[in-house]
Amino acid sequence: MDALLIDYRDPLFAILLIAGMVFIIAFVSYWWGVYVKSRKSRRLQRFLRRFETHGVKKSLETMPYTPAMVQPLVLLARAYEKSGEYTNAIEIGLYLLEHCDNDAMTYELMELVGTTYMHAGFLERAHSTFLQILKSNPRNKKVLNDLMVVYERLQNFQKAKEVVESLEAMGVDVKDLKLYIELKLITSDLQMDHNRKIEKVIDFYLTHRKYERVVFEYLLRNEPQRAWEMVQEANIERLVDIFWFLPTSFMDYDKIKESPRLRAIYGARGDIEPCGPTGWFLIDMLNHLKKTGFDEATLQFAYLCKNCKQQFPVPFERCPKCLALDSVVVETEITKAGNETGYNLL
Numbered sequence: 004m005d006a007l008l009i010d011y012r013d014p015l016f017a018i019l020l021i022a023g024m025v026f027i028i029a030f031v032s033y034w035w036g037v038y039v040k041s042r043k044s045r046r047l048q049r050f051l052r053r054f055e056t057h058g059v060k061k062s063l064e065t066m067p068y069t070p071a072m073v074q075p076l077v078l079l080a081r082a083y084e085k086s087g088e089y090t091n092a093i094e095i096g097l098y099l100l101e102h103c104d105n106d107a108m109t110y111e112l113m114e115l116v117g118t119t120y121m122h123a124g125f126l127e128r129a130h131s132t133f134l135q136i137l138k139s140n141p142r143n144k145k146v147l148n149d150l151m152v153v154y155e156r157l158q159n160f161q162k163a164k165e166v167v168e169s170l171e172a173m174g175v176d177v178k179d180l181k182l183y184i185e186l187k188l189i190t191s192d193l194q195m196d197h198n199r200k201i202e203k204v205i206d207f208y209l210t211h212r213k214y215e216r217v218v219f220e221y222l223l224r225n226e227p228q229r230a231w232e233m234v235q236e237a238n239i240e241r242l243v244d245i246f247w248f249l250p251t252s253f254m255d256y257d258k259i260k261e262s263p264r265l266r267a268i269y270g271a272r273g274d275i276e277p278c279g280p281t282g283w284f285l286i287d288m289l290n291h292l293k294k295t296g297f298d299e300a301t302l303q304f305a306y307l308c309k310n311c312k313q314q315f316p317v318p319f320e321r322c323p324k325c326l327a328l329d330s331v332v333v334e335t336e337i338t339k340a341g342n343e344t345g346y347n348l349l
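Everything in the sequence shown is counted per our numbering, starting at 4 for the first residue and increasing by one.
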C-alpha cells in the first residue's frame, strides 16, 4: 500500500499539491463569479419588472376615473414636466385626454402634452399636437408661440416666420422675434452666395446690434477674419467663453495685441506672455498665477438665463427652460485645470 503513495517529502508531490490547490481555487472563483453575475442579472430583471408594473401608466390604469381626479393629476403632470420627468407627464396627460369630456380642459391637456413633447425633444409629435389645437382655437397665442419654437428647432425658419406674422397680426410684440428669424433665414439660406451672406450678417448686426453671439459665432465659423474685424472692446467680456475656447489657428494676434482685454484672456490661457492688471478680477488673477509659474488653474463657464434665472452648462440662443431669446449671461469661475467644462465652437 505504501508503495502506491508518493512520499510527502518528494518535491513532485509538493508541486502537484500546489497545482491542485490553484486549480480548485480558480474553479471555485470562476463559478462563484458566474453565480454572482447571474444573481445580479436576476435582481436587475426583478427591478425592471417592478418598475414596469408600478409606473405611472400602470397605476393610472388600475384607478377608476372620476372628474375629481382631473385637477390633482394636471398639477402632478405639470410638476413632472417642470422637473424633467417628461414620460410621466405625457402619460398622465394622455390618460386624462382619454377620459376628459370637457372641451376647455381637453385643450388645456393637449397644450400640456404638446409642450411636454417639445421640451422632451419629440418635435414632430409636438408639431402635430399644436396644429390639432389650432384647428379649433387658431388664436391661442401661447400655442402659436410654442409652434414657432418647434419650427425654429426643426430649422424650418420660413414656417416660423409665418407664425410670427400671425402673432403680429394678433397684436403681440414680436419685434425681437422678427429680427431673430430674419437673421436665421440669412444664415440658413443655402442658395445665397457665401460673400453676400457674410455681408448681410454683418449689415444685420451693424443695423440692429442684436444677437451678437449668433453673429460672432457664425462669422468665426465661416469668415474668421471678418469676425475679428467686428470685435469691440465692450463686447469681449460678454463673449469671453468664445474667445477662451477658440483654437489657436483662428486667433488674430495683431487684433489681440491692440486689445487689453484680449491680451488678458490669452495671457491667462497661456498663449502669450501674461499681462498686467486690467480690472477684470478673475482674468487678472489667472495672469498673476501664470507669472508665478502656477499653471494648474483655468476658467470654468456656466450660462445663466437672466429671465428665469436657471443655469445651464452650455450656451444657448433661446433659454431651454423659459424659451426667452438672447437672455444668456456668461458666468465664470476659476477651477483646477482638467476640471473645466466647455463647448466646441468650431
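Backbone N, C-alpha and C fix where the C-beta goes; we use that ideal spot for every residue, glycine too.
May I ask you to list the residues that DSSP assigns as paired with isoleucine 3? No statement about residue 3 is possible, as the shown extent of the chain runs from 4 to 349 and does not include it.
Cβ-Cβ distance between aspartate 255 and tryptophan 231 below 7 angstroms: Start at 1 with the first residue of the sequence shown, and residue 255 comes out as number 252. Start at 1 with the first residue of the sequence shown, and residue 231 comes out as number 228. Yes.
Just how far apart, CA to CA, sit asparagine 369 and aspartate 257? Missing from the structure shown is residue 369; the chain here goes from 4 to 349 and no further.
With a cut-off of 8 angstroms on the beta carbons, I'd call arginine 264 and isoleucine 239 a contact; round off their distance for me. As a working mapping, residue 264 is identified with position 261 in the sequence shown. As a working mapping, residue 239 is identified with position 236 in the sequence shown. About 4 angstroms; that satisfies the 8 angstroms criterion.
State the Cα-Cα distance for the pair threonine 210 and glutamine 74, rounded to the nearest angstrom. Indexing the sequence shown from 1 puts residue 210 at position 207. Indexing the sequence shown from 1 puts residue 74 at position 71. If I take the Cα positions, the gap works out to 49 angstroms.
Who are the near neighbours of leucine 222 in its chain, counting only those whose CB is closer than 6 angstroms to its CB and skipping five residues on each side? Here residue 222 is taken as the residue at index 219 of the sequence shown, counted from 1. The answer, listed in chain order, is Arg229 and Ala230.
Since I believe valine 166 is in contact with valine 147 (beta carbons under 8 angstroms), could you give me their beta-carbon distance rounded to a whole number of angstroms? Looking up residue 147 in the sequence shown gives position 144. Looking up residue 166 in the sequence shown gives position 163. With the sequence shown as reference, residue 147 is identified as leucine, and valine is not the correct amino acid for it. About 6 angstroms separates the two Cβ atoms, so the contact holds.
For glutamine 1, which of helix, strand or coil comes out of DSSP? The requested residue 1 does not occur in the structure, where the chain is confined to residues 4 to 349.
For the alpha helix (DSSP H) containing arginine 266, list its first residue and its last residue. In the sequence shown, counting from the first residue as 1, residue 266 sits at position 263. Its alpha helix (DSSP H) spans residues 263-272.
Can the beta-carbon of lysine 294 be found closer than 7 angstroms to that of proline 318? Here residue 294 is taken as the residue at index 291 of the sequence shown, counted from 1. Here residue 318 is taken as the residue at index 315 of the sequence shown, counted from 1. Taking 7 angstroms as the Cβ cut-off, lysine 294 and proline 318 do not qualify as a contacting pair.
Of the residues Met288, Leu180 and Ser86, which one's Cα is nearest the Cα of aspartate 149? The residue given as residue 149 occupies position 146 in the sequence shown. Checked all of Met288, Leu180 and Ser86; the closest Cα to aspartate 149 is Leu180.
Beta-carbon gap between alanine 271 and leucine 289 smaller than 7 angstroms: The residue labelled residue 271 in the question sits at position 268 within the sequence shown. The residue labelled residue 289 in the question sits at position 286 within the sequence shown. For alanine 271 and leucine 289, yes; Cβs fall inside 7 angstroms.
Please report the Cβ distance between tyrosine 83 and histidine 122, rounded to the nearest whole angstrom; I am assuming they are in contact, meaning their Cβ atoms lie under 8 angstroms. What you label residue 83 is simply residue 80 of the sequence shown in a count that begins at 1. What you label residue 122 is simply residue 119 of the sequence shown in a count that begins at 1. No, tyrosine 83 and histidine 122 are not in contact; Cβ-Cβ is about 11 angstroms, not under 8 angstroms.
If you compare alpha carbons, which of Gly96, Asp274 and Thr132 is closest to aspartate 298? By 1-based counting over the sequence shown, the position of residue 298 is 295. Of the listed residues, the one whose Cα sits closest to aspartate 298 is Asp274.
Nearest CA to the CA of valine 333: which residue from Ala92, Lys312 and Lys164? What you label residue 333 is simply residue 330 of the sequence shown in a count that begins at 1. Each of Ala92, Lys312 and Lys164 was checked against the Cα of valine 333, and the nearest Cα belongs to Lys312.
With DSSP as the reference, please indicate the residues paired to cysteine 308 in a beta bridge. Along the sequence shown, read from residue 1 onward, the residue named residue 308 stands at position 305. DSSP, once it has assigned bridges, lists Val331 as partnering cysteine 308.
Can you name the start and end residues of the alpha helix (DSSP H) that arginine 199 belongs to? As a working note, residue 199 is residue 196 in the sequence shown. That run of the alpha helix (DSSP H) goes 197-211.
Can you say whether threonine 118 is buried or exposed, counting buried as having 16 or more other CB atoms within 10 angstroms of its CB? Numbered from 1 along the sequence shown, position 115 holds the residue referred to as residue 118. Buried, because 16 or more other Cβ atoms sit within 10 Å of the Cβ of threonine 118.
So, with DSSP's three-state summary, where would you put glutamine 161? Taking the first residue of the sequence shown as 1, we reach residue 161 at position 158. The DSSP-derived three-state label of glutamine 161 is helix.
Buried or exposed: which applies to isoleucine 28, given that a residue is buried once 16 or more other Cβ atoms fall within 10 Å of its Cβ? The residue given as residue 28 occupies position 25 in the sequence shown. The residue in question, isoleucine 28, is exposed, as its Cβ has fewer than 16 Cβ neighbours within 10 Å.
Buried or exposed by the 16-neighbour rule on C-beta atoms within 10 Å, applied to arginine 52: As a working note, residue 52 is residue 49 in the sequence shown. Reliability fails at arginine 52, whose pLDDT of 43 lies under 50, so the model's placement of it is uncertain and the value that follows must be treated cautiously. Answer is exposed; the Cβ neighbour count stays below 16.
Would you list the one or two residues that DSSP bridges to arginine 321? If you number the sequence shown from 1, residue 321 lands on position 318. Its beta-bridge partners are Leu328.
DSSP-derived helix/strand/coil call for glutamine 135: Counting from 1 along the sequence shown, the entry for residue 135 is found at position 132. Of the three classes helix, strand and coil, the one that applies to glutamine 135 here is helix, per DSSP.
Which same chain residues end up closer than 8 angstroms to glutamine 135 when comparing Cβ atoms and leaving out the 5 residues on each side of it in sequence? Numbered from 1 along the sequence shown, position 132 holds the residue referred to as residue 135. Closer than 8 angstroms at the Cβ level, and outside the excluded window around glutamine 135, lie Met113.
Do you know how far the Cα of alanine 163 is from the Cα of glycine 124? The residue you call residue 124 lines up with position 121 of the sequence shown. The residue you call residue 163 lines up with position 160 of the sequence shown. Each residue's CA atom was taken as its position, placing glycine 124 and alanine 163 some 17 angstroms apart.
Mapping the DSSP letters down to three states, classify phenylalanine 30 as helix, strand or coil. Residue 30 sits at position 27 when you count from the first residue of the sequence shown. Residue state, collapsed to three classes: helix.
Enclosing alpha helix (DSSP H) for phenylalanine 246 [first to last residue]: Numbered from 1 along the sequence shown, position 243 holds the residue referred to as residue 246. From DSSP, the alpha helix (DSSP H) with phenylalanine 246 extends over 243-247.
Classify phenylalanine 297 as helix, strand or coil using the three-state DSSP reduction. Taking the sequence shown and counting its residues from 1, the one referred to as residue 297 is at position 294. Coil at phenylalanine 297, not helix or strand.
Which first and last residues belong to the alpha helix (DSSP H) in which serine 86 is found? By one-based count along the sequence shown, residue 86 stands at place 83. From DSSP, the alpha helix (DSSP H) with serine 86 extends over 73-86.
In whole angstroms, what is the alpha-carbon distance linking tyrosine 183 and cysteine 322? By 1-based counting over the sequence shown, the position of residue 183 is 180. By 1-based counting over the sequence shown, the position of residue 322 is 319. Distance between the alpha carbons of tyrosine 183 and cysteine 322 is about 14 angstroms.
Does tyrosine 33 pass the burial test, meaning 16 or more other C-beta atoms within 10 Å, or should it be called exposed? For the purposes of this step, residue 33 is taken as residue 30 along the sequence shown, with counting starting at 1. Result: exposed.
Cβ neighbour criterion (16 or more within 10 Å) applied to arginine 266: Reading the sequence shown from its first residue, position 263 is the one you call residue 266. It counts as buried.
Lysine 309 to serine 330, Cα distance in whole Å? As a first step, residue 309 must be located in the sequence shown, where it is residue number 306. As a first step, residue 330 must be located in the sequence shown, where it is residue number 327. Each residue's Cα considered, the two are about 5 angstroms apart.
Is it the case that the Cβ atoms of tyrosine 98 and asparagine 140 are separated by a distance below 7 angstroms? Working through the sequence shown from its first residue, we reach residue 98 at position 95. Working through the sequence shown from its first residue, we reach residue 140 at position 137. No.
Output yes or no for whether 7 angstroms exceeds the beta carbon distance between glycine 96 and leucine 115. In the sequence shown, the residue the question calls residue 96 occupies position 93. In the sequence shown, the residue the question calls residue 115 occupies position 112. A contact, by the Cβ cut-off of 7 angstroms.
Going by DSSP in three states, serine 44 sits in which element: helix, strand or coil? For the purposes of this step, residue 44 is taken as residue 41 along the sequence shown, with counting starting at 1. Low local confidence applies: a pLDDT of 47 at serine 44 is under 50, so the model's placement there is unreliable, with the coordinate-based value given in what follows. Residue state, collapsed to three classes: helix.
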